[in-house]
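Have a look at the structure below, then the notes.
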Amino acid sequence: MNRRRLTAAIFFSVVIVLVLGVMVYLEQAGRQQTVTVYMLKHAVLAGSTYSADDVSAVAVRAQEGDFNYEHRAPGQYSARYTQDLKGNDILRDDDLVDVRAQVEVALTVQAPPPLSAGDRIDVFAAVGGGRQARIGQGIPVLTASGGALTVLVPVQQEEAWISVTSSSIALHAARSAQLDPSSLQPLSPDDAVSRLCGSSCVGVASPAAAP
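Counted from 1, the sequence shown has number 133 at position 128 by my numbering; the numbering is strictly sequential.
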């Protein structure tokens, strides 16, 4: 009986040691696991292209899903930055948007404020009765030379913006206070203004031509 007890005690002791060893191994393995993130080498502007010159791949001790980060390298993902970012920022997946989701549009605005690449603007169209209708909000500026701007708009709105910019509708711009993008697709200048400015344009007369 004593021999049986001794054998059982030895067996359970060995099992306990093995279990503890496995637990320690798994804990150490978890601590050593890393993920690759992309850290900015310098500041970047909203609307600029995600480039290998902008980022460094950095191994961080973490596990998949521990935090939000962009896992695709510039060569794997054609994208633009959605906002201004600082050097040493770790890229999140919502810091980037697929280049196919946005399109460049050339605008000419009257009496613009001083603007430069990376600024965001609200765009207003002249409508009947001397009123102004906001037709775009939080639009990133790519280039600015006086009133000649190149901006980024959602690809769903491309038709509307082309219709507006190719018409005689007078446009104005102001620096954005907040973001509230919409998706609109009118086929004519009148319809473009109505849909881009939303409910505030209901019942408004046809857009007035620029003087």
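Yeah, the Cβ is synthetic: ideal placement off N, Cα and C, and Gly gets one too.
Check	Outcome
From Pro-119 to Asp-127, what does the alpha carbon distance come to, in whole angstroms?	14 Å
Could you give the DSSP three-state label for Asp-196: helix, strand or coil?	helix
Give the C-beta separation of Gln-107 and Leu-157 to the nearest angstrom, bearing in mind that I take them to be a contact with Cβ-Cβ under 8 Å.	5 Å
Give me the residue from Val-110, Ala-111, Glu-109, Asn-73 with the minimum Cα distance to Asp-98.	Asn-73
If you follow the beta strand (DSSP E) that Glu-109 is in, where does it begin and where does it stop?	107-113
Please identify the residue among Leu-154, Arg-139, Ser-181 whose C-alpha is closest to the C-alpha of Ala-197.	Arg-139
Mapping DSSP to helix, strand and coil, what is Ala-165?	helix
Quick check on Asp-98: does DSSP put it in helix, strand or coil?	helix
Can you give me the Cβ contacts of Thr-113 inside the same chain, cut-off strictly under 8 Å, excluding the 5 residues immediately before and after it?	Gly-152, Ala-153, Leu-154, Thr-170, Leu-176
Could you tell me whether the Cβ atoms of Ser-181 and Gln-142 are closer together than 8 Å?	yes
Which one of Ala-131, Ala-179, Glu-109 has the shortest CA to CA distance from Glu-162?	In the sequence as displayed, the identity of residue 162 is Gln instead of Glu. Measuring from the Cα of Gln-162, the nearest candidate turns out to be Glu-109.
For Phe-72, report the span of its beta strand (DSSP E) as first-last.	That residue, Phe-72, is in no beta strand (DSSP E); it is neither H nor E in DSSP.
Which whole-angstrom value is the C-beta distance of Gly-123 and Ala-51, which I expect to be below 8 Å?	6 Å
State the beta-bridge partners of Ala-130 as determined by DSSP.	Ala-138, Leu-176
Val-60 to Ala-116, Cα distance in whole Å?	37 Å
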